[in-house]
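As given, the protein sequences belong to chains A and B, one line each in that order.
According to my numbering, the stretch in the first sequence is residues 1452 to 1610, in order.
According to my numbering, the stretch in the second sequence is residues 1452 to 1610, in order.
Worksheet for the structure shown next.
Protein chains: 2
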Amino acid sequence: MRVTTHDPLERTEITFLLGMAFQLVLGEFVGRLDAAGYDDLRPVHGLVFQALGGAGATSSELAEQLGVTKQAAGQIIDDLERRCYVERQAHPAGGRRKLVVLTDRARTHLAVAGQTLHELEERLAAQLREVGLEMPRAELAAMIRALAGDSVPPLRPVW
Amino acid sequence: MRVTTHDPLERTEITFLLGMAFQLVLGEFVGRLDAAGYDDLRPVHGLVFQALGGAGATSSELAEQLGVTKQAAGQIIDDLERRCYVERQAHPAGGRRKLVVLTDRARTHLAVAGQTLHELEERLAAQLREVGLEMPRAELAAMIRALAGDSVPPLRPVW
DNA sequence: ATCGGTAGTAAAGCAACTTTACTTGGGAGG
DNA sequence: CCTCCCAAGTAAAGTTGCTTTACTACCGAT
Chain A
1452 MRVTTHDPLE RTEITFLLGM AFQLVLGEFV GRLDAAGYDD LRPVHGLVFQ ALGGAGATSS
1512 ELAEQLGVTK QAAGQIIDDL ERRCYVERQA HPAGGRRKLV VLTDRARTHL AVAGQTLHEL
1572 EERLAAQLRE VGLEMPRAEL AAMIRALAGD SVPPLRPVW
Chain B
1452 MRVTTHDPLE RTEITFLLGM AFQLVLGEFV GRLDAAGYDD LRPVHGLVFQ ALGGAGATSS
1512 ELAEQLGVTK QAAGQIIDDL ERRCYVERQA HPAGGRRKLV VLTDRARTHL AVAGQTLHEL
1572 EERLAAQLRE VGLEMPRAEL AAMIRALAGD SVPPLRPVW
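Below, the structure is given as structure tokens:
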């Protein structure tokens, strides 16, 4: 007996599926953080917090990690500083350098966001297991390596 | 004997892997189209061409498909019309409506882009098979269904 | 002493949108 | 008919998140 209901997703290009899946997962993630009171932070701010998470960084270092100009990084830092998520300190190495570090407010966000993301991914993994599938971690990693080799570029807005 | 070189991608969240994979595939796709002489077209233009591919559409219909305001759709159409990729015709249903249809120039692009994308995805699939993996089509489709149900929203820039 | 390189900042420019506000053509109801 | 309203389309200004251009400040080396 032939299945007559064709799933439109079965004929959709892998590239579209990747984009849709990423957009939906990120949207769900951002939505949960908004609901948790972080509606003043965009995904890029999470990347900033991750980059500064350890001992902080200079704005130029941050710019390189984000894949933007140092002026853009400076603007993001200005904004986050005004809203008390980061602070500019004198850099131990001296010079004109300034060390940008996270406030406790940002570290709290980082913890909440990490927890939220893992819960979301765990729920997704469970839903896939229900239909006999696993999360395609190895497949995605292989695609990334095939296209980027060992040097993975920064995650940027897609178009 | 224990493997000592941990692949950083193995510890990376699925969400990041999705984003990286999409960004890299789309970047490769756009790069190939640029090289083929289509450096004046962005991904959104491809979506427009797909939406108008059959019998055309009105700018409001296009706006809904793209998930933007009708003014934004109008601006995109203005631009594409100036560059002879689309034409505004009188709409058979009359009224203020105008039917936006593709020129041959756009249909050629659509064919080239489709071919390019399939070649790219086929090469990727082959590279995955070399390491014993398959393209994660079912997994991505399951993730999309888990998050969007049956109503898949338009593909938009991600942040 | 000054030269050059790097960090940071300031200001203007730009692309791709949204928001606000208007115009126009065509029914539907009275 | 007439008018009232709605949907399609357009115009213009505003917004966002960057880049480009241009500058200042600090340092170490020659």
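Each residue gets a CB set at the ideal place from its N, CA and C atoms; glycine is no exception.
Just so we're clear, the structure is a prediction, and the values are computed from it rather than from any experiment.
- Message: In whole angstroms, give me the CA-to-CA distance for B:Leu1517 and B:Leu1498.
- Response: As a working mapping, residue 1517 of chain B is identified with position 66 in the second sequence. As a working mapping, residue 1498 of chain B is identified with position 47 in the second sequence. Near 8 angstroms, if we compare the C-alpha coordinates of B:Leu1498 and B:Leu1517.
- Message: With H, G and I counted as helix, E and B as strand and the rest as coil, what does DSSP make of A:Leu1598?
- Response: The count along the first sequence starts at 1 and reaches residue 1598 of chain A at position 147. Looking at A:Leu1598 - three-state DSSP - the assignment turns out to be helix.
- Message: In this structure, how does DSSP classify A:Leu1553 when only helix, strand and coil are distinguished?
- Response: The residue you call residue 1553 of chain A lines up with position 102 of the first sequence. Note: A:Leu1553 maps to strand in three-state DSSP.
- Three CB pairs or more closer than 8 angstroms across the region 1531-1546 of chain A and the region 1581-1597 of chain A: no
- Message: Contact criterion: CB-CB distance below 8 angstroms. Does B:Arg1607 meet it with respect to chain A?
- Response: Here residue 1607 of chain B corresponds to residue number 156 of the second sequence, with the count starting at 1. Closer than 8 angstroms to some Cβ of chain A, the Cβ of B:Arg1607 qualifies, so yes.
- Query: Between B:Ala1514 and B:Ala1524, which are expected to be in contact by the criterion C-beta below 8 angstroms, what is the C-beta distance as a whole number of angstroms?
  - Reply: As a working mapping, residue 1514 of chain B is identified with position 63 in the second sequence. As a working mapping, residue 1524 of chain B is identified with position 73 in the second sequence. The pair is a contact, with the Cβ atoms about 4 angstroms apart (cut-off 8 angstroms).
- Item | Segment contact flag, the region 1474-1494 of chain A with the region 1483-1491 of chain B, C-beta cutoff 8 angstroms, min 3 pairs | no
- Item | Presumed contact (8 angstroms Cβ cut-off) between B:Val1609 and A:Val1609, rounded CB distance | Taking the first residue of the second sequence as position 1, residue 1609 of chain B is located at position 158. Taking the first residue of the first sequence as position 1, residue 1609 of chain A is located at position 158. Confirmed, about 5 angstroms.
- Query: Can you find a CB in chain A that lies within less than 8 angstroms of the CB of B:Ile1465?
  - Reply: For the purposes of this step, residue 1465 of chain B is taken as the residue at position 14 of the second sequence. Yes, its Cβ sits closer than 8 angstroms to a Cβ of chain A.
- Say whether chain B places a C-beta atom closer than 8 angstroms to the C-beta of A:Ala1486. Here residue 1486 of chain A corresponds to residue number 35 of the first sequence, with the count starting at 1. Not an interface residue.
- Message: Could you give the first and the last residue of the continuous beta strand (DSSP E) run that contains B:Ala1508?
- Response: For the purposes of this step, residue 1508 of chain B is identified with residue 57 of the second sequence, where counting begins at 1. Looking at the DSSP string, B:Ala1508 is not in any beta strand (DSSP E), and its letter there is neither H nor E.
- Take A:Leu1531 as the anchor and find which of A:Ala1589, A:Val1551, A:Asp1458 and A:Pro1587 has the nearest alpha-carbon. Counted from its first residue, the first sequence places residue 1531 of chain A at position 80. The option with the nearest alpha carbon to A:Leu1531 is A:Val1551.
- Message: Less than 7 angstroms between C-beta atoms, sequence neighbours within five positions excluded: which residues of the same chain meet that for A:Ala1508?
- Response: To locate residue 1508 of chain A, count along the first sequence from 1; it is residue 57. The residues are Ala1502 and Val1551.
- Task: Return no unless some Cβ of chain B is closer than 8 angstroms to the Cβ of A:Leu1598.
- Result: In the first sequence, residue 1598 of chain A corresponds to position 147, counting from 1. A:Leu1598 counts as touching chain B.
- Message: Distance cutoff 8 angstroms, beta carbons only. Does B:Ile1595 sit that close to anything in chain A?
- Response: On the second sequence, position 144 is the one that residue 1595 of chain B refers to. Yes, its Cβ sits closer than 8 angstroms to a Cβ of chain A.
- Task: Note down, one range per segment and in chain order, each alpha helix (DSSP H) of at least 4 residues found wholly within the region 1513-1539 of chain A.
- Result: 1521-1533
- Task: Please list, in chain order, all residues of the same chain as B:Ala1576 whose beta carbon is under 6 angstroms from its beta carbon, the five residues on each side excluded.
- Result: Along the second sequence, read from residue 1 onward, the residue named residue 1576 of chain B stands at position 125. Hits under 6 angstroms: Met1586.
- Item | chain A residues whose Cβ lies nearer than 7 angstroms to that of B:Leu1568 | What you label residue 1568 of chain B is simply residue 117 of the second sequence in a count that begins at 1. Neighbours of B:Leu1568 on chain A, chain order: Glu1464 and Thr1466.
- Around the C-beta of B:Val1546, are 16 or more other C-beta atoms found within 10 angstroms, so that it is buried, or is it exposed? Counting from 1 along the second sequence, the entry for residue 1546 of chain B is found at position 95. With the sequence shown as reference, residue 1546 of chain B is identified as Gly, and Val is not the correct amino acid for it. Exposed, by the Cβ-count rule.
- Message: I need the straight-line Cα distance from B:Thr1520 to B:Phe1500, nearest angstrom please.
- Response: If you number the second sequence from 1, residue 1520 of chain B lands on position 69. If you number the second sequence from 1, residue 1500 of chain B lands on position 49. Each residue's alpha carbon lies about 18 angstroms from the other.
- Would you mind telling me which residues of chain B sit closer than 9 angstroms to A:Thr1477, beta carbon to beta carbon, in chain order? Residue 1477 of chain A sits at position 26 when you count from the first residue of the first sequence. Looking at the sequence provided, one finds Leu at residue 1477 of chain A rather than Thr. Chain B residues near A:Leu1477: Thr1466, Leu1469, Gly1470, Val1609 and Trp1610.
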